[in-house]
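Accompanying notes for the structure given below.
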Amino acid sequence: MPDLPSLRETLDAHGLLAKKSFGQHFLLDLNVTRKIVRLAGPFEGRSVIEVGPGPGGLTRALLESDAGKVVLVEKDPRFIPLLKELDDGSGRLEIVEGDALKVRESDLADGPAHVVSNLPYNVGTALLIKWLTGPWTPHALTLMFQKEVAERIVAGPGDEAYGRLAVISQAVCEAKLVMHLPAAAFTPPPKVASAVVHLVPRPDRADRETLKRLERVTAAAFGQRRKMLRSSLKTLGGAGLCEAAGIAPDDRAEVVDLAGFLRLAAALA
Numbered sequence: 001m002p003d004l005p006s007l008r009e010t011l012d013a014h015g016l017l018a019k020k021s022f023g024q025h026f027l028l029d030l031n032v033t034r035k036i037v038r039l040a041g042p043f044e045g046r047s048v049i050e051v052g053p054g055p056g057g058l059t060r061a062l063l064e065s066d067a068g069k070v071v072l073v074e075k076d077p078r079f080i081p082l083l084k085e086l087d088d089g090s091g092r093l094e095i096v097e098g099d100a101l102k103v104r105e106s107d108l109a110d111g112p113a114h115v116v117s118n119l120p121y122n123v124g125t126a127l128l129i130k131w132l133t134g135p136w137t138p139h140a141l142t143l144m145f146q147k148e149v150a151e152r153i154v155a156g157p158g159d160e161a162y163g164r165l166a167v168i169s170q171a172v173c174e175a176k177l178v179m180h181l182p183a184a185a186f187t188p189p190p191k192v193a194s195a196v197v198h199l200v201p202r203p204d205r206a207d208r209e210t211l212k213r214l215e216r217v218t219a220a221a222f223g224q225r226r227k228m229l230r231s232s233l234k235t236l237g238g239a240g241l242c243e244a245a246g247i248a249p250d251d252r253a254e255v256v257d258l259a260g261f262l263r264l265a266a267a268l269a
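The numbering of the sequence shown is full-length UniProt numbering, which starts it at 1 and goes up by one.
Here is the structure:
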């Protein structure tokens, strides 16, 4: 998009700064946003949903890609006029002013769609859980989180970051950490580093009823992670539940793999 001013010039022209209350940190380096889009693709003409586009750095890269329709969901009305400047009149860009936690993705895109976003820090995990456990299934998710959250998504048994988020995410998707970004890459720089996670729904992904049981089991198990499962799962059946699932009641949650938690969820049924 060679005729556009730089992102920094665009922000200055509109007199816009990031809002802390919205968890906004902007990526203004188009080399970085283009790399994220390459990691997310190829799109092969499929729709892409971007949440919290802000000044549109990632949006510009998406519009340069092989994506079909590019749908932006922006809660901050200050950025709507700026984002409209990216519309070339082809009908490819759609801007929705609203809260991504409340929109219905099936209304935004026809058929399978990707989600590619530098997520606002304050709602990133909530949005991921919505996409993992809700009625709409994305084609793939390529999402930027705080590094700590990204590590929790991809962690395995025995890892310090392993917990509920890893189990729920990996019961639905194959999850891979694909990119690290230092705080200095953002304007304004956050207090922590960030990372990009690429998630692709598994063909054998857990259904919604299984996920509900899995959420109950992991909430209990990791809510008291220092305790043996016979104690932490006491309200759900304790040692009996473990034995029905083929799990040692003396184990702790952090050593149980995804298959083990899925057996616990099945035994709970």
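Virtual Cβ for every residue (Gly too), placed ideally from N, Cα, C.
Secondary structure of residue i, DSSP reduced to three states
| i | result |
| --- | --- |
| residue 77 | helix |
| residue 150 | helix |
| residue 72 | strand |
| residue 226 | coil |
| residue 233 | coil |
| residue 101 | coil |
| residue 4 | coil |
| residue 129 | helix |
| residue 140 | strand |
Given residue i as reference, the closest of the options once Cα atoms are compared
| i | options | result |
| --- | --- | --- |
| residue 95 | 106, 83, 88 and 102 | 83 |
| residue 71 | 116, 29, 33 and 130 | 116 |
| residue 32 | 248, 89 and 179 | 179 |
| residue 92 | 127, 34 and 65 | 65 |
| residue 267 | 162, 222 and 216 | 216 |
| residue 253 | 222, 259, 235 and 236 | 222 |
| residue 227 | 250, 49, 205 and 29 | 250 |
| residue 43 | 244, 260 and 200 | 200 |
| residue 105 | 163, 90, 123 and 135 | 135 |
| residue 258 | 206, 90, 235 and 110 | 206 |
| residue 46 | 86, 3, 204 and 109 | 109 |
| residue 157 | 126, 133, 256 and 68 | 256 |
| residue 13 | 37, 79 and 50 | 79 |
| residue 51 | 160, 87, 211 and 114 | 114 |
| residue 149 | 30, 122 and 210 | 122 |
| residue 174 | 161, 145, 181 and 139 | 139 |
| residue 172 | 145, 144 and 210 | 210 |
| residue 213 | 15, 261 and 265 | 265 |
| residue 261 | 154, 170 and 231 | 170 |
| residue 6 | 154, 85 and 176 | 85 |
Neighbourhood of residue i by C-beta distance below 6 Å, restricted to the same chain and skipping five residues each side
| i | result |
| --- | --- |
| residue 183 | 189, 190 and 193 |
| residue 75 | 99 |
Residue interval of the alpha helix (DSSP H) (run including residue i)
| i | result |
| --- | --- |
| residue 31 | 30 to 40 |
| residue 169 | 164 to 172 |
| residue 243 | 238 to 244 |
| residue 57 | 57 to 64 |
| residue 259 | 258 to 268 |
Between the CA atoms of residue j and residue i - distance to the nearest angstrom
| i | j | result |
| --- | --- | --- |
| residue 137 | residue 97 | 22 Å |
| residue 219 | residue 41 | 34 Å |
| residue 119 | residue 238 | 38 Å |
| residue 185 | residue 233 | 43 Å |
| residue 11 | residue 54 | 10 Å |
| residue 166 | residue 27 | 26 Å |
| residue 56 | residue 229 | 47 Å |
| residue 35 | residue 129 | 25 Å |
| residue 287 | residue 101 | Nothing about residue 287 can be read from this structure; the chain reaches only from 1 to 269. |
| residue 235 | residue 241 | 10 Å |
Element boundaries [beta strand (DSSP E), containing residue i]
| i | result |
| --- | --- |
| residue 123 | No beta strand (DSSP E) contains residue 123, which DSSP labels as neither H nor E. |
| residue 90 | Segment: none, residue 90 is in no beta strand (DSSP E) and carries neither H nor E. |
| residue 113 | 113 to 118 |
| residue 47 | 47 to 51 |
| residue 199 | 194 to 201 |
Residues near residue i in its chain [Cβ-Cβ closer than 7 Å; skip 5 each side]
| i | result |
| --- | --- |
| residue 246 | 263 |
| residue 225 | 252, 253 and 254 |
| residue 69 | 47, 92, 94 and 109 |
| residue 90 | none |
| residue 30 | 57, 60 and 61 |
Proximity test, residue i beta-carbon vs the ligand MG heavy atom, cut-off 7 Å
| i | result |
| --- | --- |
| residue 110 | Within the structure as shown, the ligand MG is missing, as the structure has no ligands at all. |
Beta-carbon contacts of residue i that lie in its chain and below 8 Å, excluding the five residues immediately before and after
| i | result |
| --- | --- |
| residue 39 | 142, 178, 179, 196 and 198 |
| residue 87 | 93 and 95 |
| residue 208 | 133 and 135 |
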